[in-house]
Every structure is written in structure tokens, then in C-alpha cells.
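Taking my numbering, the leading residue of the sequence shown gets 1, the next gets one more, and so forth.
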Amino acid sequence: EEMIKVKVDFNIIIQFLGMAGIIGSLIFVALEIIQTQKIAIAGQQQGRAALGMKIIEGYSLNNVDFQSVFFELDYDKTLTKQEITHRNSIHAVWFLFENDLYQHQLGLMDEDTWQAKINGMQWIYNKCDLRPLFDAREKQFSAAFRELVKSFPDECNSVEQGDTRL
Numbered sequence: 001e002e003m004i005k006v007k008v009d010f011n012i013i014i015q016f017l018g019m020a021g022i023i024g025s026l027i028f029v030a031l032e033i034i035q036t037q038k039i040a041i042a043g044q045q046q047g048r049a050a051l052g053m054k055i056i057e058g059y060s061l062n063n064v065d066f067q068s069v070f071f072e073l074d075y076d077k078t079l080t081k082q083e084i085t086h087r088n089s090i091h092a093v094w095f096l097f098e099n100d101l102y103q104h105q106l107g108l109m110d111e112d113t114w115q116a117k118i119n120g121m122q123w124i125y126n127k128c129d130l131r132p133l134f135d136a137r138e139k140q141f142s143a144a145f146r147e148l149v150k151s152f153p154d155e156c157n158s159v160e161q162g163d164t165r166l
């Protein structure tokens, strides 16, 4: 039995290690670019949500119901200051929840926080007197957000829809 001796050229080893280092660096840079893009997309979505919330804040500061004016074009609806504040707050929360979905999809929100957000969404969605607020905005939400909310058990279908106070 003869042993085969392999003579490895030292230059080839150096070149191989150099190439491996370059490839590793390129992979690292690509991962950094992907992460930066995710953060930029999340920032843009957060900016849109903040702008929507700022618009609703303007309505609230003027004691004007966002739902009545923007969606229903009812400029004479009579609501108490507390009802207006509550309804406007719910609209602001829906902006926040849609933004939370984007943050979660991009891996920027941990599962415990996301589950708490889901619980909040389900709770508000199943407040039947507030459902018209979601329904009015439904088509303005992203498809993913609509699908998520519509996947919740609907506790309002079994409730009589006779309460039209809101």
C-alpha cells in the first residue's frame, strides 16, 4: 500500500482563504442591506400611521367626530365630547394596529408583544357598537391586515344590530 502524498501549494491556500473572506464579506453586506431595507420599510409604515393618528388628533382637538365627518359625511351628528373622543381614539388605535402588523411581519416585534396586540385587536373588533368604525375603514387597510382581523371569531353576528347610537 502506497500512500499518496499531496503537496499543497501555500499560495493556493492563501488564495482560497482570501476568496472565502471576500465571499463572507459580501454575504455580510447583503444581510446588512436587507436589514436596513426592512427598517426603512417599517419606518415608512410607522410614519404613515403617525400621520393618520395626527389627522385624527386634529379632529379630536376641535371636538369633531372623524367617523361622522370623514366617512359618513354627516356634519350635524350630535355626539357627546366623550363619544367623539372615544370614537376618534378607536380610529387611531386601528392605525396603530395596522402598523403593528407590519412591524411583526418584518420581525421587528417579539411574539409576546404581538400576542398582546392580537388580543387588543380582537377585543376592539368584538365591541359591536364600535364595529361600524372598522367597517368604514376596512377597504383602506392592507389586505393582510383585513384578513387578520376578519379571521377573529365574530361575536357581533349573534348580537342584535339594533343599537345605532354610534
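Quick reminder that beta carbons are idealized off the backbone N, C-alpha and C, glycines included.
- Its Cα nearest to that of I41, the residue L106 stands out among V149, L106, S151 and K139.
- Counting only the Cα atoms, D110 lies some 29 angstroms from S25.
- The beta carbons of D65 and K81 sit no closer together than 8 angstroms.
- Nearest to Y125 by alpha-carbon distance, out of Q140, R146 and S142, is R146.
- Relative to A143, the option among L51, F28 and L101 whose CA is nearest is L101.
- Rounded to the nearest angstrom, the gap between the Cα atoms of S68 and Y75 is 7 angstroms.
- Here F71 carries a helix assignment [DSSP, helix/strand/coil].
- In the displayed model, P153 falls within coil according to three-state DSSP, outside both helix and strand.
- Separation of F134 and H91 (C-alpha to C-alpha, rounded to the nearest whole angstrom) is 8 angstroms.
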